[in-house]
Structure formats: C-alpha cells, structure tokens
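K.L.:
Here it is, the structure, as structure tokens.
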Amino acid sequence: MSPQEPPKIEFPCEDYPVKVMGDASEQLMEFVLVTTEQFSPGFDRSKVTVKRSSKGRFHSITVRITATGIDQLEQYHQVLRANSAVKIVL
16 MSPQEPPKIE FPCEDYPVKV MGDASEQLME FVLVTTEQFS PGFDRSKVTV KRSSKGRFHS
76 ITVRITATGI DQLEQYHQVL RANSAVKIVL
C-alpha cells in the first residue's frame, strides 16, 4: 500500500478554516481574533464561529482566513499553540 499524499493547497486560499480549541474565556477569544488579524490582514470577524462544550468549560473557535502560503500557516499555528489556554489547533 502506498502512502497517501496530503491534498495540495493552492495559494492564496480564501476561507481557509482554522479551528482553535481551548479554555472558555473572553481572553482566549480576543487572543485568537488579534492573532488572526496579525497573520491575515483584512480578516473578517463575521466569519468566526464559536461552539461551547456541553459543560461550558471549553470553546471551539473556527476562523476563516486567506491563507497565503505554508510559512504563514506554520507561524500562525505556532503562535496560537504557544498560548497556555489553547489546547488544540487544527
């Protein structure tokens, strides 16, 4: 069986989804929004969706950005993961 290659992304890629899961707090939401604006100028806050866990302890925040390249995505993910309130970045 041959290894499956990941799908190729053509850049720039509009509406590229990034999901951040972490502690439920306004600070996490503001951190995600400010960080997203730094890495994706022109980011539209109206494209943000938030889902709360059943017990309300965690939030799943999905943002849609214009991905310009692999370097941008790697740096963006690295900064998001460095925050102690963030548990997972997809």
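Counting with our numbering, you get residues 16 to 105 for the letters of the sequence shown.
Here a beta-carbon is modelled for each residue, glycine too, at the ideal position from N, C-alpha and C.
Note that the structure is a prediction, hence the values are computed from the model and not measured.
(1) Would you identify the three-state DSSP class for Asp59, choosing helix, strand or coil?
(2) Give the single residue among Leu48, Leu105, Phe26 and Asp38 whose Cα lies nearest to the Cα of Asp86.
(3) Once DSSP output is grouped into helix, strand and coil, what is the label at Ile80?
(4) Just verifying my parser: in three-state terms, what is the DSSP assignment at Ile24?
(5) I need the boundaries of the alpha helix (DSSP H) containing Gln72, first residue and last residue.
(6) Considering only heavy atoms of the ligand FMN, does any lie closer than 8 angstroms to the CB of Asp86?
(7) Can you have a look at Ile24 and say buried or exposed, based on whether 16 or more other CB atoms are within 10 angstroms of its CB?
(8) Roughly how many angstroms lie between the CA atoms of Lys34 and Pro18, to the nearest whole one?
P.N.:
Well, looking at it:
(1) Of the three classes helix, strand and coil, the one that applies to Asp59 here is coil, per DSSP.
(2) Ranking Leu48, Leu105, Phe26 and Asp38 by Cα distance to Asp86 puts Phe26 first.
(3) Of the three classes helix, strand and coil, the one that applies to Ile80 here is strand, per DSSP.
(4) The answer is coil: DSSP assigns Ile24 none of H, G, I, E or B.
(5) Just to set this straight, residue 72 is Arg in the shown sequence, not Gln. The continuous stretches of alpha helix (DSSP H) do not include Arg72, and DSSP gives it neither H nor E.
(6) Of the ligands one can find in the structure shown there are none, so the ligand FMN has no counterpart to examine.
(7) Exposed, by the Cβ-count rule.
(8) If you take the alpha carbons of Lys34 and Pro18, they lie about 26 angstroms apart.
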